[in-house]
Amino acid sequence: MVSALVRPGRQLAKRLLLLQSGVVLTTAIMAVFAVSVDWGISALIGGGIFVIANTVFATCAFLFSGARKARLIMASFYGGEVLKILITVILFAVVYLYVEVELVPLKLTYLLALGINIFGPVLFINNNK
Numbered sequence: 007m008v009s010a011l012v013r014p015g016r017q018l019a020k021r022l023l024l025l026q027s028g029v030v031l032t033t034a035i036m037a038v039f040a041v042s043v044d045w046g047i048s049a050l051i052g053g054g055i056f057v058i059a060n061t062v063f064a065t066c067a068f069l070f071s072g073a074r075k076a077r078l079i080m081a082s083f084y085g086g087e088v089l090k091i092l093i094t095v096i097l098f099a100v101v102y103l104y105v106e107v108e109l110v111p112l113k114l115t116y117l118l119a120l121g122i123n124i125f126g127p128v129l130f131i132n133n134n135k
């Protein structure tokens, strides 16, 4: 019963992560053919940063379920959000310090993945009532 209540949210998160991953890969491939391999790698890294951080958040957000675990649910949700922000900052810092990347595709693909995260759930809402 409890897992039945969480299942739609988990499925939505999985579908959203798959959509983000697909768009990031497609964008990186298009950047390789349109501009250069460096742009494609930078686009893949930028989108990958968001997808990795969002995957960690989704895992933490759906760690617990049920009314009796409300405090654990809220703690894991907020903890997942904090972890997502920390992972994003750390990954960007590592990329800026140790990897030579093109900043335009890196940031644009990150923002594209962020936009999908904001507007993507609208694609998956079931309006059948």
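Numbering-wise (my numbering), the sequence shown opens with residue 7 and increments by one.
Note that CB positions come from ideal geometry on N, CA and C, so glycine has one too.
| request: Enumerate, from N- to C-terminal direction, the unbroken alpha helix (DSSP H) stretches of 4 or more residues contained entirely within the stretch 10-81. | output: Runs found: 43-67.
| field | Residue closest to residue 40, alpha-carbon to alpha-carbon, out of 116, 121, 119 and 111 | value | Comparing alpha carbon positions, the residue from 116, 121, 119 and 111 closest to residue 40 is 111.
| request: Grab me the residues of residue 135's own chain with a C-beta within less than 7 Å of its C-beta, minus the 5 sequence neighbours each way, in chain order. | output: Caution is warranted here: a pLDDT of 45 is assigned to residue 135, below 50, making its placement in the model unreliable, and no coordinate value can be reported.
| In terms of residue numbering, what span does the alpha helix (DSSP H) encompassing residue 124 cover? | Going by DSSP, residue 124 is part of the alpha helix (DSSP H) stretching over 109-125.
| Touching or not, the stretch 84-91 and the stretch 26-46, by the rule of three or more beta carbon pairs under 8 Å? | Segments in contact, no.
| What residues in its chain sit with their C-beta under 6 Å from that of residue 48, if we drop five residues either side in the sequence? | Same-chain partners within the cutoff: 107, 108, 111 and 112.
| query | According to the neighbour-count rule (16 or more other Cβ atoms, all chains shown, within 10 Å of its Cβ), is residue 129 buried or exposed? | reply | Exposed is the label assigned to residue 129, since fewer than 16 other Cβ atoms lie within 10 Å of its Cβ.
| query | So, helix, strand or coil for residue 96, using DSSP? | reply | Correct three-state label for residue 96: helix.
| Buried versus exposed call for residue 125 [16 or more other C-beta atoms within 10 Å across all chains shown] | Classification for residue 125: exposed.
| message | Rounding to the nearest angstrom, what Cα-Cα distance links residue 69 and residue 79 in this structure? | response | Using only the alpha carbons, I get a separation of about 7 Å.
| query | Under 7 Å between the Cβ atoms of residue 116 and residue 63? | reply | One thing to note: residue 116 has its Cβ no nearer than 7 Å to the Cβ of residue 63.
| message | Are the CB atoms of residue 67 and residue 83 within a distance shorter than 7 Å? | response | Result yes, Cβ atoms of residue 83 and residue 67 sit closer than 7 Å.
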